[in-house]
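Below is one structure, written out as structure tokens; the observations come after it.
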Amino acid sequence: MSHKILLETDSTEALAYKMRATADAFYDYAASIYARVAWTNWDGDSKDEYLYQLQQCTSTIKQLSDHLDLLGFQLSQEVEQWVITAAKFGS
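Under the numbering used here, the residues of the sequence shown are numbered 7 to 97, in order.
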């Protein structure tokens, strides 16, 4: 029994691009938010605690952004492999 596999390379590549662009934006937003709060004119122990918690949050966002970027890259690699494999059958 044979199976037919369909992969829309253009839309899949567009999705991979959007994943990577979104990951970059999230990473940049996390860094920007932390920098803005750190430079806010606010003295006291509460700022230190707040910055600590914000740093934990933004670090998590950055880690997830890195993971999303990697998944986008892996999706692009998968598309490339499918195109190479399909070309072998088309020759």
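Cβ atoms here follow ideal geometry from the backbone N, Cα and C, with glycine treated the same way.
What you are looking at is a predicted structure, and each value in this text was computed from that prediction instead of being measured.
- In the three-state DSSP reduction, Trp45 falls in the coil class, being neither helix nor strand.
- Exclusion of the five residues before and after Lys68 leaves Tyr33, Ala36 as the residues of its chain whose Cβ lies within less than 7 Å of its Cβ.
- Separation of Asp72 and Met25 (C-alpha to C-alpha, rounded to the nearest whole angstrom) is 11 Å.
- Taking 8 Å as the upper bound for CB-CB distance, Ala22 and Leu76 are not in contact here, some 11 Å apart.
- Between Thr18 and Val85 the beta-carbon gap is near 5 Å, inside 8 Å, which marks them as a contact.
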